[in-house]
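These protein sequence lines map, in sequence, to chains H and X. If you're matching positions, the first sequence starts at 701 in our numbering and goes up one per residue. If you're matching positions, the second sequence starts at 3 in our numbering and goes up one per residue. Ideal placement from N, C-alpha and C gives every residue a C-beta, glycine not left out. Input: a single structure, listed below in structure tokens.
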Amino acid sequence: RKEVEQDPGPFNVPEGATVAFNCTYSNSASQSFFWYRQDCRKEPKLLMSVYSSGNEDGRFTAQLNRASQYISLLIRDSKLSDSATYLCVASSGYALNFGKGTSLLVTP
Amino acid sequence: GAVVSQHPSRVICKSGTSVKIECRSLDFQATTMFWYRQFPKQSLMLMATSNEGSKATYEQGVEKDKFLINHASLTLSTLTVTSAHPEDSSFYICSAQDTGVGTEAFFGQGTRLTVV
């Protein structure tokens, strides 16, 4: 079983829509959580860290449920430029464990 | 923010040859760097943890004699794919973190290796 699981999608949504991604992790010792964004054939870039209290950065909201070992990302008012693959990440130490990624395509 | 530079960005080599990929932390010292591999439509898979001044730690299933890692300084780690085969064709990415657990990992630009 993979350590981090996410729905691969693809999610095709119209501009302006709200979309939510979910992710589960299996290692209960995980202590750091992130969402990364990866554009095609590029390296991943940090979108936001995920905190137990939940955190928001503009149109993006991330939440963590440690009891359920569940992480989510909500994107409001989707833009065309949000089209990418979103990687859920859990870490129990220095190394990062990546989910397979969820593909998002925002259409005009 | 911290920058990690990876070189080359793309390489095509013949089967049986070796390829060296460099990963440099440009404005911070990285005692630990990580090497990942990503096949098309797959997640990044950790191959090994590169430790400055000591042997790398390899993940299960990764052949240490095939993927040689050297971390001779606090700013440079190299991955050498020896006797490359077409099935080694993949996207290889390194990462490093400036400080401890829970901080952002910075990634190199990745190396797309094609073995023909």
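Determine whether the beta carbon atoms of residue i and residue j lie at a separation below 9 Å.
{"i": "valine 118 of chain X", "j": "lysine 22 of chain X", "result": "no"}
{"i": "alanine 98 of chain X", "j": "cysteine 25 of chain X", "result": "yes"}
{"i": "leucine 70 of chain X", "j": "phenylalanine 93 of chain X", "result": "no"}
{"i": "serine 45 of chain X", "j": "lysine 745 of chain H", "result": "no"}
{"i": "alanine 795 of chain H", "j": "threonine 51 of chain X", "result": "yes"}
{"i": "leucine 48 of chain X", "j": "phenylalanine 36 of chain X", "result": "yes"}
{"i": "leucine 804 of chain H", "j": "valine 713 of chain H", "result": "yes"}
{"i": "threonine 802 of chain H", "j": "phenylalanine 721 of chain H", "result": "yes"}
{"i": "serine 778 of chain H", "j": "alanine 717 of chain H", "result": "yes"}
{"i": "serine 56 of chain X", "j": "histidine 73 of chain X", "result": "yes"}
{"i": "serine 27 of chain X", "j": "valine 5 of chain X", "result": "yes"}
{"i": "glutamine 763 of chain H", "j": "valine 750 of chain H", "result": "yes"}
{"i": "alanine 32 of chain X", "j": "glutamate 61 of chain X", "result": "no"}
{"i": "glycine 112 of chain X", "j": "lysine 742 of chain H", "result": "yes"}
Determine the chain X residues that contact residue i at a beta-carbon separation under 7 Å, and present them in chain order.
{"i": "phenylalanine 711 of chain H", "result": "Neighbours of phenylalanine 711 of chain H on chain X: none; closest Cβ ~15 Å, over 7 Å."}
So which residues on chain X does residue i lean against when the C-beta distance must stay under 8 Å?
{"i": "alanine 795 of chain H", "result": "Phe36, Leu48, Thr51"}
May I ask you to list the residues that DSSP assigns as paired with residue i?
{"i": "serine 85 of chain X", "result": "Serine 85 of chain X pairs with nothing; no bridge assigned."}
{"i": "lysine 22 of chain X", "result": "X/Thr82"}
{"i": "alanine 784 of chain H", "result": "H/Leu804"}
{"i": "valine 789 of chain H", "result": "H/Phe734, H/Phe798"}
{"i": "cysteine 2 of chain X", "result": "Here chain X has residues from 3 to 118 only, and residue 2 of chain X is not among them."}
{"i": "glutamate 705 of chain H", "result": "H/Thr724"}
{"i": "methionine 35 of chain X", "result": "X/Ser52, X/Ala98"}
Name, please, each residue of chain X whose Cβ falls closer than 9 Å to the Cβ of residue i.
{"i": "phenylalanine 798 of chain H", "result": "Tyr38, Gln40, Ser45, Leu46, Met47, Leu48"}
{"i": "glycine 716 of chain H", "result": "Result: empty, since nearest Cβ-Cβ is about 28 Å, beyond 9 Å."}
Evaluate the contact criterion for the segment 703–715 of chain H versus the segment 751–759 of chain H: three or more CB pairs, one atom per stretch, below 8 Å. no
Three CB pairs or more closer than 8 Å across the segment 768–782 of chain H and the segment 6–14 of chain X: no
Along the segment 48–75 of chain X, what residues have a CB closer than 8 Å to any CB found in chain H? Cβ proximity to chain H below 8 Å picks out Leu48, Thr51 from the segment 48–75 of chain X.
If you pair each beta-carbon of the segment 734–750 of chain H with each one of the segment 780–792 of chain H, do three or more pairs fall below 8 Å? Three or more Cβ pairs drawn from the segment 734–750 of chain H and the segment 780–792 of chain H lie within less than 8 Å of each other, which places the two stretches in contact.
Under 8 Å: do the segment 38–46 of chain X and the segment 73–80 of chain X share three or more Cβ pairs, one atom per stretch? The segment 38–46 of chain X, when compared against the segment 73–80 of chain X, does not touch it at the 8 Å Cβ threshold.
Looking at chain H, which residues of the segment 17–48 of chain X have a Cβ within less than 9 Å of any of its Cβ atoms? Thr34, Phe36, Tyr38, Gln40, Lys43, Gln44, Ser45, Leu46, Met47, Leu48
Using Cβ-Cβ distances below 8 Å, what residues of the segment 85–101 of chain X are close to chain H? Phe93, Ile95, Ser97, Gln99
Compile a chain-ordered list of the residues in the segment 740–767 of chain H whose CB is closer than 8 Å to at least one CB of chain X. Arg741, Lys742, Glu743, Pro744, Lys745, Leu746, Ser749
With 8 Å as the C-beta to C-beta threshold (strictly closer), list the residues of the segment 777–790 of chain H near chain X in chain order. Leu787
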